[in-house]
Structure formats: C-alpha cells, structure tokens
C-alpha cells in the first residue's frame, strides 16, 4: 500500500532519517520534475524548481496532516513554484528591456 510506505517514510524523515528522506525524494522525483520541466522547459530552471519544492517539503514535513495528500501537495507546490519562477523571469526580462530602451536614463 503506497500511503503506508509514505507514512513510514515521513515518520522517519521527521526524525531526521536521511536514508528515508532520500527514499522519499526518489519515490516522487519523476512527479515533481515532470511538472517542473513541463512548466519550465529550461533544464536549469526545472532543477531549481525541483530543489525548491523539496526544500519546502522538508520545512513543512511535520505539518503534513494527511500523508495521502502528499502527491497533491507536491503537484500544487511544484506548479506554484514553477509559475512564480516564470513570472520572475518575465518581469526581469521586461525590466531589462525597459532599461535598455532608454539609455539616457538611470534606474
């Protein structure tokens, strides 16, 4: 049963079991990376999103109430993180274009 394995892994992760953490990341790596890469096709951006999602989970692991909701949590956080990265990239590009368009002004 998948959720039973997840429950055990999360319980071990909360107790700082590094092997359990590696197993948890390995278990859901494809899910997280596929969403990150779909929304951010640049491999470096997808990797950044991947890392940020796992850092968020690590910080909030003890707050996770329903282990069965872990995949949904990962999907949601991955999507939000990827979209935030895309937005920040777009805003940075717009800012760069604006500063290059008016060479006589200082930001």
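Residue numbers (our numbering): -8 to 98.
Even glycine gets a Cβ: it sits at the ideal position worked out from N, Cα and C.
When we look at the beta-carbon of residue 60 and count the other beta-carbons within 10 Å, is it buried (16 or more) or exposed? Counting from 1 along the chain shown, the entry for residue 60 is found at position 69. So residue 60 counts as exposed.
Could you tell me the boundaries of the alpha helix (DSSP H) in which residue 16 lies? Translated into the one-based positions of the chain shown, residue 16 becomes position 25. Note, residue 16: alpha helix (DSSP H), 9 to 30.
Reduced DSSP category for residue 55 - H, G, I as helix; E, B as strand; rest coil: Against the chain shown, residue 55 aligns to sequence position 64. Of the three classes helix, strand and coil, the one that applies to residue 55 here is coil, per DSSP.
Between residue 4 and residue 76, which are expected to be in contact by the criterion C-beta below 8 Å, what is the C-beta distance as a whole number of angstroms? Sequence index remark: in the chain shown, residue 4 carries index 13 (1-based). Sequence index remark: in the chain shown, residue 76 carries index 85 (1-based). So it is not a contact: roughly 25 Å between Cβ atoms.
Which of the three DSSP states, helix, strand or coil, is assigned to residue 6? In the chain shown, counting from the first residue as 1, residue 6 sits at position 15. If DSSP states are grouped into helix, strand and coil, residue 6 belongs with coil.
So which of 16, 56 and 34 has the shortest CA-CA distance to residue 44? Residue numbering aside, residue 44 sits at position 53 when the chain shown is read from its first letter. Of the listed residues, the one whose Cα sits closest to residue 44 is 16.
Count the other CB atoms, across all protein chains shown, that sit within 10 Å of the CB of residue 74; report buried if there are 16 or more and exposed otherwise. Working through the chain shown from its first residue, we reach residue 74 at position 83. So residue 74 counts as exposed.
For residue 8, which of 28, 26 and 49 has the nearest alpha-carbon? The count along the chain shown starts at 1 and reaches residue 8 at position 17. Residue 49 is the option with its Cα nearest to residue 8.
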